[in-house]
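Have a look at the structure below before the remarks.
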Amino acid sequence: MAAHDSLFLSAHEAAGALSVQRCDVCGETLHEHDASPACPACGGLLAIVHRAPVDAAGAPLTAMAMRQQFAGPCCALPAVAGGGHASGVWRFASLVMPSVGTAMVSHPEGNTPVLARTRVQTYAGCDGLLLKHEGYNPTGSFKDRGMTVGATQAARIGARAVACASTGNTSASLAAYAAQAGIPGLVFVPAGKVAMGKMAQTLAYGARTLLVRGDFDECLRLVQAASKDLGIYLLNSINPWRVEGQKTIVFELLQQLGWDAPDFIVLPAGNLGNTAAFGKALREAAALGLIARVPRLVSVQAAGASPFARGFAEGFATRHKMQADTVATAIRIGDPASWDRAVRAIRETDGLVLSVSDEDILEAKRVIDAAGVGCEPASAASVAGVRQLVSRGVVRASDRVVAVLTGHVLKDPGILVSMHQEREASEGANRPIEIDATVEAVARVIDASRSEGAAS
142 MAAHDSLFLS AHEAAGALSV QRCDVCGETL HEHDASPACP ACGGLLAIVH RAPVDAAGAP
202 LTAMAMRQQF AGPCCALPAV AGGGHASGVW RFASLVMPSV GTAMVSHPEG NTPVLARTRV
262 QTYAGCDGLL LKHEGYNPTG SFKDRGMTVG ATQAARIGAR AVACASTGNT SASLAAYAAQ
322 AGIPGLVFVP AGKVAMGKMA QTLAYGARTL LVRGDFDECL RLVQAASKDL GIYLLNSINP
382 WRVEGQKTIV FELLQQLGWD APDFIVLPAG NLGNTAAFGK ALREAAALGL IARVPRLVSV
442 QAAGASPFAR GFAEGFATRH KMQADTVATA IRIGDPASWD RAVRAIRETD GLVLSVSDED
502 ILEAKRVIDA AGVGCEPASA ASVAGVRQLV SRGVVRASDR VVAVLTGHVL KDPGILVSMH
562 QEREASEGAN RPIEIDATVE AVARVIDASR SEGAAS
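Going by the working numbering, the first residue of the sequence shown is number 142, and it counts up by one from there.
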């Protein structure tokens, strides 16, 4: 392992520092407060490297001690002495930003549920399937986990403004956290290609919204150039602090499962920031002894936006790009920025990458929605992926599998209207019923609903 691949800072590195930023490619090390969007030496992505947690005497914390440290009441108010932090991100501060003190920009976020729904398990063919629903975050997506850390860093370094390219969820999250931090926010979104639920949030929270004539990949290239030339702090998932926040999806999940890792963790994949973050979290959890075995990561892409799946099928011999086109707007990305990190995550966990059709995504979404859970289309890719793996014999019915739902059902209200009101041949459509203002009319609807329920 090269020196710049070390998981934690050694005793002789960066004296006095709890964290540094280190280039994935050349190993260049920067101070944790450096605002560079990429390595100034070679242009590579930066990663955060922490000192492993220690006790008051400076001795390494045992896995048991760390578990106890994380086990404080998850919803305790920050002001309650010894009660932990209300955030499901900052509860893990020693593994996320150990030098933060009390300076968090937090709603709070995290503490999202793990759900078991028989209807979804039956559909996927996996009795051990659980759903980790990140749509319960403050702005309705997992992005809040990374954004609380990114916005905290922006406040720590005195950023003049923050910016991101987005398919919608990142922009909503950035706008909310920038408003809380009192920092101007700029979001670059593809003109005409962002779901209304996400656009509405961005506008409401006050970020300046720039509609770019191009796709997400062009938005990302533009915001990277603007960050470099104008000194704006970049808060896309290539920001290393964003990755630290997104790691806590895995830490929290493992804690909820009693630190008994599942067989598979399945997640939607677009720009691959979560795949990279999950890999880093599992790497650290295993090294610290928090888990006895590492689950297999499965990244699921939409077929119309599947460059990473194509790369996996070829042993990652080629970094693919494509013009993305899918109903799952949150993962409509054809040139993922975190490719190399995601490759490492898949390889280290004996993971898998696959693609599912838009039809499969919408079918899975209908099942998830009808189970009373609900999610945006991209989230349903994870459950569609589990179903595909069961049909291929890779996942057994008895396996313990966690599918991550990344966004709330109301993130994309347009697709709900399309699925249930506009599509003539949409199977399972729940169309509104116009009735006369009589009790008899209501009774007929109830009787019809009972008949349909009995038939299904």
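Even for Gly, the Cβ is constructed at its ideal location relative to N, Cα and C.
Nearest residue (CA-CA) to residue 393, options 306, 283, 443: Counting from 1 along the sequence shown, the entry for residue 393 is found at position 252. Minimum Cα distance to residue 393 is reached at 283.
In DSSP terms, what residue 344 is bridged to: Counting from one through the sequence shown, the residue named residue 344 turns up at place 203. Listed as beta-bridge partners of residue 344 by DSSP are no residues whatsoever.
Endpoints, beta strand (DSSP E) assigned at residue 163: Reading the sequence shown from its first residue, position 22 is the one you call residue 163. Counting along the chain, the beta strand (DSSP E) containing residue 163 begins and ends at 160-164.
Alpha carbon of residue 137 to alpha carbon of residue 172, nearest angstrom: The structure shown does not extend to residue 137, since the chain is modelled only from 142 to 597, so the question has no answer here.
Every unbroken beta strand (DSSP E) within the segment 183-258, with a cutoff of 3 residues, ordered by chain: The qualifying runs are 187-191.
Between the CA atoms of residue 175 and residue 617 - distance to the nearest angstrom: Residue numbering for the chain in the displayed model covers 142 to 597; residue 617 lies beyond these limits and cannot be assessed.
Complete runs of the beta strand (DSSP E) confined to the segment 381-418 [at least 3 residues]: Complete beta strand (DSSP E) runs here, min 3: 405-409.
Closest Cα partner of residue 375 within the set 149, 166, 186: Translated into positions along the sequence shown, residue 375 becomes position 234. Ranking 149, 166, 186 by Cα distance to residue 375 puts 186 first.
Alpha carbon of residue 193 to alpha carbon of residue 426, nearest angstrom: Residue 193 sits at position 52 when you count from the first residue of the sequence shown. Residue 426 sits at position 285 when you count from the first residue of the sequence shown. Cα atoms of residue 193 and residue 426: separation of roughly 11 Å, rounded to the nearest angstrom.
Distance CB(residue 251)-CB(residue 237) smaller than 7 Å: As a first step, residue 251 is located in the sequence shown; it is residue number 110 there, counting from the start. As a first step, residue 237 is located in the sequence shown; it is residue number 96 there, counting from the start. The Cβ atoms of residue 251 and residue 237 lie no closer than 7 Å to each other.
Rounded Cβ spacing between residue 405 and residue 360 (contact assumed at less than 8 Å): On the sequence shown, residue 405 is found 264 positions in, with the first residue counted as 1. On the sequence shown, residue 360 is found 219 positions in, with the first residue counted as 1. Not really, about 32 Å apart at Cβ, beyond 8 Å.
Residue 267 versus 542, 459, 438, 582, residue with shortest Cα-Cα distance: As a working mapping, residue 267 is identified with position 126 in the sequence shown. Nearest option by C-alpha distance: 542.
Residue span of the beta strand (DSSP E) that contains residue 464, given as start and end: To locate residue 464, count along the sequence shown from 1; it is residue 323. No beta strand (DSSP E) holds residue 464; DSSP gives it neither H nor E.
Proximal residues to residue 383 (C-beta, below 6 Å), its chain only, five neighbours per side dropped: Within the sequence shown, the letter at position 242 stands for residue 383. Here residue 383 has 287, 291 as same chain residues with Cβ atoms under 6 Å from its own Cβ, once five neighbours each way along the sequence are excluded.
Beta-carbon spacing of residue 295, residue 303 below 7 Å: On the sequence shown, position 154 is the one that residue 295 refers to. On the sequence shown, position 162 is the one that residue 303 refers to. Taking 7 Å as the cut-off, the beta carbon of residue 295 is found closer than this to the beta carbon of residue 303.
Those residues which DSSP pairs with residue 272 across a bridge: Within the sequence shown, the letter at position 131 stands for residue 272. Partner residues in the beta bridge of residue 272, as assigned by DSSP, are 256, 544.
Outcome for residue 566 when other beta-carbon atoms lying within 10 angstroms are tallied against a minimum of 16: The sequence position of residue 566 within the sequence shown is 425, counting from 1. The pLDDT assigned to residue 566 is 45, lower than 50, so where the model puts this residue is not dependable, and the model offers no usable value.
Cβ pair residue 552, residue 281 closer than 7 Å: Numbered from 1 along the sequence shown, position 411 holds the residue referred to as residue 552. Numbered from 1 along the sequence shown, position 140 holds the residue referred to as residue 281. Between residue 552 and residue 281, the CB-CB gap stays under 7 Å.
Bridge partner(s) assigned by DSSP for residue 331: The count along the sequence shown starts at 1 and reaches residue 331 at position 190. Residue 331 pairs with 353.
Residue 473 beta carbon less than 7 Å from that of residue 308: Here the question's residue 308 lines up with position 167 in the sequence shown. Here the question's residue 473 lines up with position 332 in the sequence shown. Contact: yes.
Alpha-carbon to alpha-carbon, residue 460 and residue 442: Residue mapping note: residue 442 aligns to position 301 of the sequence shown, counting from 1. Residue mapping note: residue 460 aligns to position 319 of the sequence shown, counting from 1. Roughly 15 Å between the two C-alpha positions.
Reduced DSSP secondary structure (H/G/I, E/B, other) of residue 578: Working through the sequence shown from its first residue, we reach residue 578 at position 437. In the structure shown, residue 578 sits in coil (DSSP, three-state: anything other than H, G, I, E or B).
Pair within 7 Å by beta-carbon distance, residue 470 and residue 317: Translated into the one-based positions of the sequence shown, residue 470 becomes position 329. Translated into the one-based positions of the sequence shown, residue 317 becomes position 176. In this structure, residue 317 does not lie closer than 7 Å to residue 470 by Cβ.
Alpha carbon of residue 528 to alpha carbon of residue 206, nearest angstrom: Within the sequence shown, numbered from 1, the residue matching residue 528 stands at position 387. Within the sequence shown, numbered from 1, the residue matching residue 206 stands at position 65. Across the structure, residue 528 and residue 206 are spaced so that their CA atoms are roughly 38 Å apart.
6 Å Cβ shell around residue 349 - same chain, five flanking residues per side excluded: The residue given as residue 349 occupies position 208 in the sequence shown. If we look at residue 349 and ignore the five residues flanking it on each side, its Cβ neighbours are 327.
Cβ shell of residue 428 (< 7 Å), same chain only, five flanking positions each side left out: Here residue 428 refers to the residue found at position 287 when the sequence shown is read from its first residue. For residue 428, where only same-chain residues beyond five positions count, the Cβ hits under 7 Å are 148.
Integer-rounded CB distance, given that residue 579 should sit under 8 Å from residue 275: Position 134 of the sequence shown, counting from 1, holds the residue named residue 275. Position 438 of the sequence shown, counting from 1, holds the residue named residue 579. At roughly 44 Å, the Cβ-Cβ gap does not stay under 8 Å, so residue 275 and residue 579 are not in contact.
Inter-residue CB distance, residue 517 and residue 550 (contact presumed, cutoff 8 Å): Locating residue 517 in the sequence shown gives position 376, where the first residue counts as 1. Locating residue 550 in the sequence shown gives position 409, where the first residue counts as 1. At roughly 6 Å, the Cβ-Cβ gap stays under 8 Å, so residue 517 and residue 550 are in contact.
For residue 368 and residue 534, the rounded distance between their alpha carbons: The residue you call residue 534 lines up with position 393 of the sequence shown. The residue you call residue 368 lines up with position 227 of the sequence shown. Approximately 46 Å between the Cα atoms of the pair.
Rounded Cβ spacing between residue 400 and residue 363 (contact assumed at less than 8 Å): Here residue 400 refers to the residue found at position 259 when the sequence shown is read from its first residue. Here residue 363 refers to the residue found at position 222 when the sequence shown is read from its first residue. Contact flag wrong, Cβ pair sits at about 43 Å.
Burial state of residue 464 (16 or more Cβ within 10 Å): For this step, residue 464 is matched to residue 323 along the sequence shown. Exposed.
Cutoff 6 Å; reference residue 278; Cβ partners in own chain excluding five residues on either side: Here residue 278 is taken as the residue at index 137 of the sequence shown, counted from 1. Excluding sequence neighbours, residue 278 sits near 250, 285.
Nearest neighbour of residue 264, chosen from 183, 509, 555 [CA to CA]: For the purposes of this step, residue 264 is taken as residue 123 along the sequence shown, with counting starting at 1. Minimum Cα-Cα distance from residue 264 among the listed residues 183, 509, 555 corresponds to 509.
Contact under 7 Å by Cβ, residue 402 with residue 424: Looking up residue 402 in the sequence shown gives position 261. Looking up residue 424 in the sequence shown gives position 283. Going by beta carbons, residue 402 and residue 424 fall outside the 7 Å limit.
Inter-residue Cα distance where the pair is residue 437 and residue 577: As a working note, residue 437 is residue 296 in the sequence shown. As a working note, residue 577 is residue 436 in the sequence shown. So the alpha carbons of these two residues sit roughly 55 Å apart.
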